[in-house]
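Going down the list, the protein sequences come from chains A and B.
Heads up: the first sequence begins at 1 in this note's numbering, then just goes up one per residue.
Heads up: the second sequence begins at 116 in this note's numbering, then just goes up one per residue.
Even glycine gets a Cβ: it sits at the ideal position worked out from N, Cα and C.
Predicted, not measured: the structure shown is a model, and the values here were computed from it.
Before any comments, here is the structure.
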Amino acid sequence: DAGVIQSPRHEVTEMGQEVTLRCKPISGHNSLFWYRQTMMRGLELLIYFNNNVPIDDSGMPEDRFSAKMPNASFSTLKIQPSEPRDSAVYFCASSLVRRAVYEQYFGPGTRLTVT
Amino acid sequence: AQSVAQPEDQVNVAEGNPLTVKCTYSVSGNPYLFWYVQYPNRGLQFLLKYITGDNLVKGSYGFEAEFNKSQTSFHLKKPSALVSDSALYFCAVRDTGYSTLTFGKGTMLLVSP
Chain A
1 DAGVIQSPRH EVTEMGQEVT LRCKPISGHN SLFWYRQTMM RGLELLIYFN NNVPIDDSGM
61 PEDRFSAKMP NASFSTLKIQ PSEPRDSAVY FCASSLVRRA VYEQYFGPGT RLTVT
Chain B
116 AQSVAQPEDQ VNVAEGNPLT VKCTYSVSGN PYLFWYVQYP NRGLQFLLKY ITGDNLVKGS
176 YGFEAEFNKS QTSFHLKKPS ALVSDSALYF CAVRDTGYST LTFGKGTMLL VSP
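If you want it as structure tokens, here you go:
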């Protein structure tokens with residue numbers, strides 16, 4: 001299994017530009033999570049999907065952030081317009097919710113730098 | 116609400132010595148507890164979890180964790196540390212009735228040769 005795949009691994013962009021981060025979950029997993037990691041705030045859950053449906057987006061910081069999951073094998077996190085304070089590592093994770101308790105499997109992350 | 120605390124930002128231990136990374140939690144129902152490890156420039160990797168049953172849980176790379184309900188703790192342990200264990204360790208909790216994990220802020224483990 002290839003694990004969770006994220007692209008790009010690194011993104012450098014200028015303030016005001018649109019940024020799109022991509023994630024391919026592990027095949028057969030039915031839940032997908034987007035996290036943001038910074039030194040100041042640690043690991044924050046932004047949004048999670050179950051069976052491609054957004055369940056909880058209360059962690060999305062602003063309307064500039066949006067996420068989609070058009071099918072079971074692909075998700076995007078978009079920031080428009082981007083700001084320097086969005087600089088962080090963004091992780092995607094997936095899991096199989098078949099039993100009561102499950103672990104999440106993380107991708108390698110996308111390091112975003114907004115100048 | 117569910118929460119987890121890792122009281123130490125950093126733990127230093129010499130190679131060959133036992134190590135402990137502390138974690139305490141707060142939940143309303145029954146806790147499901149997890150440990151993850153993050154190496155530099157990598158994503159989080161699952162180490163072990165406690166669901167129910169035996170309070171001592173064994174996981175990957177020789178790590179284990181002890182669930183203590185009375186102290187609401189789930190400390191990560193290893194009998195003999197390796198330099199390669201140096202990494203950032205995260206504790207996470209999920210309460211019954213919740214669908215997501217809450218992660219602690221992480222503890223940096225540094226194992227010196």
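query, result
"Segment contact, 8 Å Cβ cut-off, at least three pairs: the segment 156-163 of chain B with the segment 127-135 of chain B", "no"
"Chain A contacts made by the segment 188-207 of chain B, where a contact means CB separation under 8 Å", "205"
"Contact set between residue 149 of chain B and chain A, taken where Cβ atoms lie within less than 8 Å", "103"
"Candidates A/49, A/91 and A/57: closest to residue 38 of chain A by CA position", "A/91"
"Beta-ladder partner(s) of residue 183 of chain B, from DSSP", "B/188"
"Chain A contact for residue 215 of chain B (CB, 9 Å cutoff)", "yes"
"Residues of the segment 32-58 of chain A whose Cβ lies closer than 8 Å to any Cβ of chain B, in chain order", "33, 42, 43, 45, 48, 50, 55 and 56"
"Sequence-distant residues of its chain with Cβ nearer than 8 Å to residue 81 of chain A (five each side left out)", "15, 16, 17, 18 and 64"
"Cβ shell of residue 211 of chain B (< 7 Å), same chain only, five flanking positions each side left out", "144 and 145"
"Beta bridge counterpart(s) of residue 93 of chain A as assigned by DSSP", "A/33 and A/106"
"Straight-line gap, residue 93 of chain A to residue 75 of chain A (C-alpha atoms, nearest Å)", "11 Å"
"Nearest-angstrom Cα separation, counted from residue 125 of chain B out to residue 185 of chain B", "25 Å"
"Sequence-distant residues of the same chain with beta carbon closer than 6 Å to residue 111 of chain A, five excluded per side", "10 and 89"
"Test: residue 125 of chain B CB closer than 9 Å to a CB of chain A", "no"
"Distance between beta carbons of residue 84 of chain A and residue 115 of chain A, contact taken as under 8 Å", "7 Å"
"For residue 187 of chain B and residue 139 of chain B, believed in contact at Cβ under 8 Å, the rounded distance", "5 Å"
"Residue 221 of chain B at chain A interface by Cβ criterion, 9 Å", "yes"
"Straight-line gap, residue 61 of chain A to residue 181 of chain B (C-alpha atoms, nearest Å)", "35 Å"
"Spatially closest choice to residue 28 of chain A from A/79, A/59, A/67 and A/2, by CA coordinates", "A/2"
"Under 8 Å from the C-beta of residue 144 of chain B: neighbouring residues of chain A", "Neighbours of residue 144 of chain B on chain A: none; closest Cβ ~12 Å, over 8 Å."
"C-beta atoms of residue 204 of chain B and residue 152 of chain B nearer than 9 Å", "yes"
"Proximity test, Cβ basis, 9 Å: residue 93 of chain A and chain B", "yes"
"Whether residue 56 of chain A touches residue 215 of chain B by CB criterion (9 Å)", "yes"
"Where residue 178 of chain B meets chain A, residues with beta-carbon distance less than 9 Å", "Correct list: empty, because the minimum Cβ distance to chain A is about 14 Å."
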